[in-house]
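>
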Amino acid sequence: MSGTAGFALVLFLAVFGRLSADYSCTSSVPVLQRTDCYPGSDSSKEKCQARGCTWCESSVSGVPWCFHESVSLESATCSNSLPLDQREDCHPEAYNTYDRCTNKGCTFCQTNQNGIPWCFYPSGSKRPGGDTCPSKIADDQRIDCFPTYLGTANKDNCVSKGCFWCSSSRPNTPWCFLDSRDWPADNFDANERVDCFPDLKGTLDPRQCVARGCRYRPTGTSGAPWCFFPREKGYAVVKDEQTTKGRRLTLKRDTTLTLFAKEIADVIVDIEFQTNGRVRVKLTDANDPSRFEVPLNITSPNAKAPNPIYDVQISTSPVFTFKVVRKDTGVAVFDTSIGGLLLEDQFLQIATKLPSSNVYGFGMHQHYSYKHNMNWQTWGMFTRDQPPMDGGANLYGVHPFYMGLEDNGKAHGVLFLNSNAQDVTLSPAPALTYRTIGGVLDLYFFLGPTPENVVQQYTEAIGRPFMPPYWSLGFSLGNYGYDNIQNMKNVVSKMKEKDIPHDYQFGDIDYMDRALDFTYSTTTYPGLPDYVKQLKNDGTKFIIILDPAIAKDIPNYRPYDLGMKKDIWVKDSNGLWNVEGKVWPPTNVFYPDFTKPETTDWWVTLCKEFKNVIDYDGLWIDMNEPANFVWGDVDGCASNNINNPPYFPKIWGPVLQYKTLCPDHKHHIGLHYDVHSLYGWSQAPVTFKAAREATGKRSIVLSRSTFPGAGKFAATWLGDNWSYWTNLRYSIIGMLEFNIFGMPFVGADICGFIRDSNYELCMRWQQVGAFYPFSRNHNLGYENRPQDPTAWGDDFARNARDTLRTRYTLLPYLYTLFHEAHTRGDTVIRALFHEFPSDGATHGIDRQFLWGSSFLVSPVLDQGATSVNAYFPNARWYSYYDGAEVGTRGDWKTLDAQIWAITLHVRGGYILPTQEPARTTMASRKNPLGLIAALDDNEQASGSLFWDDGESIDTYENGNYHLATFNVTSDTLTISVVHGGFPSMNQLKLNTVRVFGMKSTSISSVTQNGNQHSDYVFNQASKELKITNLQLDASQGHTITWVKSSAMGPVIG
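Numbering (mature numbering (1 follows the signal peptide of the UniProt record, and there is no 0)) for the sequence shown: -21 to -1, 1 to 1032.
#1: Beta-carbon within less than 7 angstroms of Met491's beta-carbon, same chain only, minus the 5 sequence neighbours each way: which residues are those?
#2: If you follow the alpha helix (DSSP H) that Asp773 is part of, which residue opens it and which one closes it?
#3: Pull up the CB-CB distance for Pro687 and Leu262, whole angstroms please, since I reckon it's below 8 angstroms.
#4: Round the Cβ separation of Ala606 and Val562 to the nearest angstrom and send it over; I've been treating them as touching at under 8 angstroms.
#5: Compare the C-alpha of Trp856 against each of Ser846, Trp871, Gly843, Pro538 and name the closest.
#6: Cutting at 6 angstroms between CB atoms, please list the residues of its own chain near Phe313, excluding the five before and the five after it.
#7: What ranges does the beta strand (DSSP E) occupy inside the segment 587 to 653, keeping only unbroken runs of at least 3 residues that lie completely in it?
#8: Among Gln991, Arg973, Asp1012, Gly721, which residue has its Cα nearest to the Cα of Asn998?
#9: Would you please state the rounded distance, in angstroms, between the beta carbons of Tyr889 and Ser833? I believe it to be under 8 angstroms.
#10: Looking only at its chain, what residues have a beta carbon closer than 6 angstroms to the beta carbon of His757, apart from the 5 residues adjacent to it on each side?
#11: When the Cα atoms are used, what is the spatial distance from Lys515 to Ala670?
#12: Are the segment 249 to 263 and the segment 410 to 427 touching by the rule of at least three beta carbon pairs closer than 8 angstroms?
#13: Find the nearest neighbour of Asp594 within the set Ile547, Asn620, Asp551, Leu507, judged by alpha-carbon distance.
#14: Among Gly929, Asn917, Ile932, Trp926, which one has its Cα closest to the Cα of Thr951?
#15: Below 7 angstroms CB to CB, which residues in the same chain sit around Gly225 once its five sequence neighbours on both sides are set aside?
#16: Can you tell me whether Thr762 is buried or exposed? The criterion is at least 16 other CB atoms within 10 Å of its CB, across all chains shown.
#17: Strictly by DSSP, which residues pair up with Trp358?
#18: Provide the residue span of the alpha helix (DSSP H) that contains Gln465, from first to last.
#19: Can you round the beta-carbon distance between Leu1004 and Ile982 to whole angstroms, since I take them to be within the 8 angstroms contact cut?
#20: Out of curiosity, what's the CA-to-CA distance linking Asn281 and Ala440?
#21: What residues in its chain sit with their C-beta under 6 angstroms from that of Arg227, if we drop five residues either side in the sequence?
#22: Can you give the beta carbon distance from Arg677 to Ile932, rounded, assuming they're within the 8 angstroms contact cut?
#23: Give me the residue from Thr639, Val298, Phe627 with the minimum Cα distance to Gly615.
#24: May I have the straight-line CA-CA distance separating Asp710 from Asp496, to the nearest angstrom?
#25: Can you tell me whether Ala663 is helix, strand or coil according to DSSP?
#26: I'd like the list of long-range same chain contacts for Leu236, defined as Cβ closer than 6 angstroms, with 5 residues on each side in sequence excluded.
#27: Quick check: the segment 788 to 795 against the segment 402 to 413, are there 3 or more CB pairs under 8 angstroms?
#28: Take Pro527 as the anchor and find which of Ser1024, Tyr570, Phe608, Pro185 has the nearest alpha-carbon.
#29: As a quick exercise: from Pro185, Lys1002, Ala1000, Ile1006, pick the residue whose alpha carbon is nearest that of Ser993.
#30: Our contact map puts Arg414 next to Gln328 with C-beta atoms below 8 angstroms; I'd like the distance itself, whole angstroms only.
#31: Going by other Cβ atoms of all chains shown within 10 Å of its Cβ, with 16 needed for buried, is Leu555 buried or exposed?
#32: In three-state DSSP terms, what is Ile881?
#33: With C-beta atoms as the reference, is Pro480 less than 8 angstroms away from Leu783?
#34: Do Thr412 and Gly340 count as a contact pair if the criterion is CB distance below 8 angstroms?
#35: Does DSSP put Glu672 in a helix, a strand or coil?
#36: Using DSSP with H/G/I as helix, E/B as strand and the rest coil, what is Lys1023?
See the structure below:
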């Protein structure tokens, strides 16, 4: 065969083969008779099919891939005689179809001419805007299209906005306006509008708004959208049936409103009355059960709750809406009648009216106040390797949960269980609009009615917080930049020399060899294993950091080699190649897929093996958003609608893959698009398992990236904060938020992580940080000055010691609070309104906080301040230091707070267990116990103590614990043992009791268990009775009484 003949045959076979392949499409139109249905250069399969046309690719030059089913366009000609060059686009968005066009009252006529709209305003009809006044329009029918806050209107900028320009001699009448006669009346406030153009970039064209099927109306209400959802559009109920769990509705979509594409036409609404205080409302695609759902196992009972304190009310006119209503008050805690419900493939939205403006939660961000600003604030949620910053950037974790406090003081919570990129807009109505770009709308409502009840119900659903080891409640140190083991040793030695409490030490990534996980540098940290053993013998624990990404191409590197053997990596979009990124190691890295079962075995094996090298006590997992120093992949990301969705939530960075992986990368349970914000969440339980198996003890995991349910396995901190006074203040807000998120073991890096701190700031921060649940001083030592408590001189060290000894004195109380969080779901740190929800003054307080119900911390948070303005709700309050009663109730009081002081108070009616402090908890746990009993108006108080060995796994679950209750009634303290399952409790003594708020002039005698006891003193000035040297067996019950008398007993003052 000649070369020419061979080429001709190949060409014929190629063309014939391609033509044959084309005929495999469903179209019957011959290839060479196709009529182009999308002459534009941006043609795609999705856009083609959205026009109702057929898409079949072809290799034949000049043959359109998007074409009409009819052979000739002549059959599609329309009767409208409007010249092509006079057509005004009535549907400027993509996915234009005959139905969508005609539903807007416009004309649909196809044409082959590029750039000519197929959907256009009919001849003679009035379209928005113009430079000719509408006929016979009254001044009061003009709707201002250019409010003054936008600047000065003129004819050009008015008409360019699609508005009318017409002068008027009447004062305060807009010259730039829209004709109100064109629209149906809206009898709701502009602050209740739901934005129909949340993706707006630049100036809104009214025609774009109308083309979406939305309503355009300018308003002078600042922040309110001009393009908004009409309430009469949404979903119709086509079926309503009762189920064993509650109710199921089937909805049908009103197709006249589309924001982006691929609308979900048929929706199932499942309503489950799960418990008396919890209800679930879930909206899913009736035709696509494969849509991603967060694999958080929330128990769904098989039957309705017997006595729910709520009701779910359904409305069908004009469209489907629902309300979650509190039965006893009739208050709707969630009310979707505000409109805006919309489900599309990559855009899901639900909006609600709120019963009050008291909204708390949504994270993780740097919020400027605990109570949200409701003035059209939008917060994005998508895990991001992003230090806290102004401007509302989304940070390391995602927590789509909020608590609402109703005007009557009752509380509720709402969880939007979704892990896709999302945002929420809070508006003044008050209202909120929630948007996400994937998954389903899965809502859980928690009806309280108290704030603590809400958190208890929430953690019952997502998982109770883990019980931390006792030592982890001590003070800790870290530094990214010790640089070598000698610097670490020097700091630890100085802490010991100054007798400053120090329970555990962190090793940041500088301890590693070339930033490689499961290694240590024998060059800069020689002898580290032996030093860790020395620390532990001295009572100081050691925690190591691990990053998830594993370096490739390192010879004989076991984590990589074992990972390759088990094939545990995140894959590319084809599921074939390992995703390759860049972080701290010298080579590129692969990312473990912690949703894959094989990864658990790989990670646990490595952690257990490394425990034999460095005898660590806990694990710190960082960079698990997951972080990536390149965007997506070293080879970039594909251009598709997964990596570039039609709606981009208000999140930090220009694209989803900014500083992380490509959204179309694949995990075992789904696309990275869906599971990105679950990466740290999926790593936490695996690491929790590894830490416990490696240490054989309770251990601790500290995770930077979190999601609802992470508190069951991990603690967290507020990230790479800044050494600024504002960050000190914001740390309290972050602490309060994570406590309602079900993660009470939280704190901020004391004195700040980034930038140099200074003496005053660090002093005040050390005082506040002494009362963080997770108390750690940690900074970026490579770039900033040392800031540990020994770095500022003797006075600073002495103050830090005193403040930390106060913390250690109260550790039995703090440990008991964590037991209550673990078993009941209580918060450990809480806002004042948790205890005083009916006191409106408490609703916005975020510069003070409580440990539990009874210990109030009111720190100085402002530079140069030597006093603090503290609020004292209606109760008796006593100085922690001397027991003196404050005397202020339901009001503010200015308290002296010199540079060395932090103001601390105990609430009347409560008893706090204490213990004599020491430099480590290993030592302090052997010291005598004590009690602080602060009496209420009836001279009563109560409290409890949970105690175990402090480190064994599941002591409560296995009954290996001691639980005692304390009660004071008038002149008697009763100690009762509720559970005596910890035999070693008899090695502890109860030695001291302090009673605050005695209503007497003196005490004539004290007895313990019926025996006279002479070691006591009564302070007449502060009204504190202090009983010492009791030497009571802490494992037993006891009774202590005192006799009030006018006769003089041992007194002070």
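Beta carbons are placed, not taken as given, at the ideal position from N, Cα and C, and that holds for glycine.
So, from the data block:
#1: By one-based count along the sequence shown, residue 491 stands at place 512. Counting only Cβ-Cβ distances below 7 angstroms, and skipping sequence neighbours, we find Thr498, Tyr499, Ser500.
#2: In the sequence shown, the residue the question calls residue 773 occupies position 794. Where Asp773 is concerned, the enclosing alpha helix (DSSP H) stretches over 773 to 788.
#3: Locating residue 687 in the sequence shown gives position 708, counting from the first residue. Locating residue 262 in the sequence shown gives position 283, counting from the first residue. That belief does not hold up - the Cβ atoms of Pro687 and Leu262 are roughly 19 angstroms apart, past 8 angstroms.
#4: Sequence index remark: in the sequence shown, residue 606 carries index 627 (1-based). Sequence index remark: in the sequence shown, residue 562 carries index 583 (1-based). Yes, they are in contact, since the Cβ atoms of Ala606 and Val562 sit about 6 angstroms apart, within 8 angstroms.
#5: In the sequence shown, residue 856 corresponds to position 877, counting from 1. The shortest C-alpha separation from Trp856 is found at Trp871.
#6: By 1-based counting over the sequence shown, the position of residue 313 is 334. Only residues of its own chain outside the window of five on either side were considered, and among them Val303, Thr331 have a CB closer than 6 angstroms to the CB of Phe313, listed in chain order.
#7: 597 to 600
#8: Along the sequence shown, read from residue 1 onward, the residue named residue 998 stands at position 1019. Selected option, being the one with the closest Cα: Arg973.
#9: Stepping through the sequence shown from its first residue, residue 889 is reached at position 910. Stepping through the sequence shown from its first residue, residue 833 is reached at position 854. Right, the Cβ-Cβ distance comes to about 3 angstroms (below 8 angstroms), so this counts as a contact.
#10: For this step, residue 757 is matched to residue 778 along the sequence shown. Hits under 6 angstroms: Gly457, Asp728.
#11: Along the sequence shown, read from residue 1 onward, the residue named residue 515 stands at position 536. Along the sequence shown, read from residue 1 onward, the residue named residue 670 stands at position 691. Using only the alpha carbons, I get a separation of about 17 angstroms.
#12: yes
#13: Residue 594 sits at position 615 when you count from the first residue of the sequence shown. Closest by alpha carbon: Leu507.
#14: Numbered from its first residue, the sequence shown carries residue 951 at position 972. If we check each option's Cα against that of Thr951, Asn917 comes out closest.
#15: Your numbering for residue 225 matches position 246 in the sequence shown. Same-chain partners within the cutoff: Ile250, Glu251, Phe252, Lys283.
#16: Stepping through the sequence shown from its first residue, residue 762 is reached at position 783. With the sequence shown as reference, residue 762 is identified as Glu, and Thr is not the correct amino acid for it. It counts as exposed.
#17: Residue 358 sits at position 379 when you count from the first residue of the sequence shown. DSSP output for Trp358 lists Val403 as bridge partner(s).
#18: In the sequence shown, counting from the first residue as 1, residue 465 sits at position 486. Going by DSSP, Gln465 is part of the alpha helix (DSSP H) stretching over 464 to 476.
#19: Against the sequence shown, residue 1004 aligns to sequence position 1025. Against the sequence shown, residue 982 aligns to sequence position 1003. Right, their Cβ atoms sit about 6 angstroms apart.
#20: Your numbering for residue 281 matches position 302 in the sequence shown. Your numbering for residue 440 matches position 461 in the sequence shown. Their backbone Cα atoms lie some 15 angstroms apart in a straight line.
#21: Stepping through the sequence shown from its first residue, residue 227 is reached at position 248. Once the five neighbours on either side are set aside, the close Cβ partners of Arg227 are Glu220, Asp249.
#22: Locating residue 677 in the sequence shown gives position 698, counting from the first residue. Locating residue 932 in the sequence shown gives position 953, counting from the first residue. Contact holds; Cβ gap of about 5 angstroms.
#23: As a first step, residue 615 is located in the sequence shown; it is residue number 636 there, counting from the start. Nearest to Gly615 by C-alpha distance, out of Thr639, Val298, Phe627, is Thr639.
#24: Locating residue 710 in the sequence shown gives position 731, where the first residue counts as 1. Locating residue 496 in the sequence shown gives position 517, where the first residue counts as 1. According to the sequence displayed, residue 710 carries Ser and not Asp. Cα-Cα distance, rounded: 30 angstroms.
#25: Counting from 1 along the sequence shown, the entry for residue 663 is found at position 684. Here Ala663 sits in helix by DSSP.
#26: As a first step, residue 236 must be located in the sequence shown, where it is residue number 257. Answer for Leu236: Gly192, Lys212, listed in chain order.
#27: no
#28: By one-based count along the sequence shown, residue 527 stands at place 548. The shortest C-alpha separation from Pro527 is found at Tyr570.
#29: Your numbering for residue 993 matches position 1014 in the sequence shown. That would be Ile1006, whose Cα lies nearest to the Cα of Ser993.
#30: By 1-based counting over the sequence shown, the position of residue 414 is 435. By 1-based counting over the sequence shown, the position of residue 328 is 349. Confirmed, Cβ separation roughly 5 angstroms.
#31: Counting from 1 along the sequence shown, the entry for residue 555 is found at position 576. Leu555 should be labelled exposed.
#32: For the purposes of this step, residue 881 is taken as the residue at position 902 of the sequence shown. Coil at Ile881, not helix or strand.
#33: Walking along the sequence shown from the start, residue 480 turns up at place 501. Walking along the sequence shown from the start, residue 783 turns up at place 804. Contact flag set, yes.
#34: The count along the sequence shown starts at 1 and reaches residue 340 at position 361. The count along the sequence shown starts at 1 and reaches residue 412 at position 433. Not a contact, by the Cβ cut-off of 8 angstroms.
#35: For the purposes of this step, residue 672 is taken as the residue at position 693 of the sequence shown. Correct three-state label for Glu672: helix.
#36: Position 1044 of the sequence shown, counting from 1, holds the residue named residue 1023. The answer is strand: DSSP assigns Lys1023 an E or B state.
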